[in-house]
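As they're listed, the protein sequences go chains A and B. For the first sequence, the positions run 5 to 178 when the numbering used here is used. For the second sequence, the positions run 5 to 178 when the numbering used here is used. Positions of the beta carbon are idealized from the N, C-alpha and C atoms, including for glycine. First up is the structure itself, then whatever we jot down about it.
Protein chains: 2
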Amino acid sequence: MQFDLNKSVEVLERTPAVIESMLSGLSEDWIHQNEGGDSWSPYDIVGHYIHGEKTDWIPRMDIILSGDDKKVFEPFDRFAQFSNSKGKSLSDLLGEFRNLRQKNITYLRSKNLTEEQLNWKALHPELGEASLSQLLSSWVAHDLNHIAQISRVMAFQYKAAVGPWQAFMGILNN
Amino acid sequence: MQFDLNKSVEVLERTPAVIESMLSGLSEDWIHQNEGGDSWSPYDIVGHYIHGEKTDWIPRMDIILSGDDKKVFEPFDRFAQFSNSKGKSLSDLLGEFRNLRQKNITYLRSKNLTEEQLNWKALHPELGEASLSQLLSSWVAHDLNHIAQISRVMAFQYKAAVGPWQAFMGILNN
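Spelled out as structure tokens, the structure:
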């Protein structure tokens, strides 16, 4: 598929409902356990989505659309959620994510982006030059990446419990 | 996590709403494209969930709980959805899955399974002996496995569109 703004928004606008339907009201075990070590729990992942809404996708779009001579993205903090989520319930985080996402989609639509603008570029601190359409495609793929991760982290909790079926489950053998 | 019936049902009862919120109303491209070759589209995966509700989890539970001398599972048909879904809309399939799942959870709860019964076993045609708690754990992990797969198949459609970000997305490098 080529990048398509409307089809991208279709996915972006669904993600808060997807993760709410996955996580809202679940037992603490499903929400707070991870895959061991420094890996992330579903709760951590929701915090990561929130930080992306605040500092990644839309702020980077604004950099690309700005008239600045030197367009360079700020580095993204992949660990911000560990301090930012402190003291918040999962329900707080899900609500915060839903509101931020809604606001960001409204803002994105208000830009009425042209084909030309979608090809404008900025410099990513690690990846080099990247275009607006690549940024927006990545926003979509990133949403899906972490839905898959939430599923994988939850499935991991039953890795031993499934017994012989582990052999048939790709998600338990990553 | 040890197997826990109530915590398992928490996940099982959410899955129809999760895949509905992911897929309902999406453009055909997201629904019908796959990862190439014989791989499955999100539409195919919903059909696979339906076939599992009809022929896998609950029928196998009934075999384990039966008084039969020789408890052996029927082999599961991993390709049944390609004929069974023919002519049906995604919305038909999502509704069918939701109804079957609801009925199956009601039936599961009506059994009031004891700890002893959860340890009863039957013979899987390929995997050998498996217990009821392993079967029910696998039902949960299987749900999560295919939520992750739907996410991965959708993300795959933007594999080229994300440009340099591909390097950062685990889901695009499986």
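As DSSP reads the structure, LYS125 of chain A sits in a beta bridge with A:SER135. Nearest to SER89 of chain A by alpha-carbon distance, out of A:GLU120, A:ASN116 and A:GLY51, is A:GLY51. Interface with chain B (8 Å Cβ-Cβ cutoff): ALA171 of chain A is included. Nearest C-alpha to HIS150 of chain A among A:VAL22, A:LEU97 and A:MET173: A:VAL22. Of the residues assessed, ASP48 of chain B falls on the buried side of the cut-off, its CB having 16 or more other CB atoms within 10 angstroms. By the Cβ rule, the segment 33-41 of chain B does not count as touching the segment 106-118 of chain B, because fewer than three pairs are nearer than 8 Å. The C-beta distance from TRP124 of chain B to TRP61 of chain B rounds to 15 Å, too long to fall under 8 Å, and the pair is not in contact.
Under DSSP, VAL76 of chain A shares a beta bridge with A:LEU127. At least one C-beta of chain B is nearer than 8 Å to the C-beta of GLY167 of chain A. For THR110 of chain A, the enclosing alpha helix (DSSP H) covers residues 94-114. Spanning the alpha carbons of ASP66 of chain A and SER135 of chain A requires a straight line of approximately 12 Å.
The Cβ atoms of GLN138 of chain A and PRO168 of chain B sit closer than 8 Å to each other. The residue from B:PRO63, B:ALA159 and B:TRP34 with its alpha-carbon nearest to that of LEU140 of chain B is B:PRO63.
In this structure, the beta-carbon distance from MET26 of chain B to ARG156 of chain A does not fall below 8 Å. Close to chain B, meaning a Cβ-Cβ distance shorter than 8 Å, is no residue of the segment 73-99 of chain A at all. Counted as a single uninterrupted DSSP element, the stretch harbouring LEU30 of chain A is not any alpha helix (DSSP H), since DSSP gives it neither H nor E.
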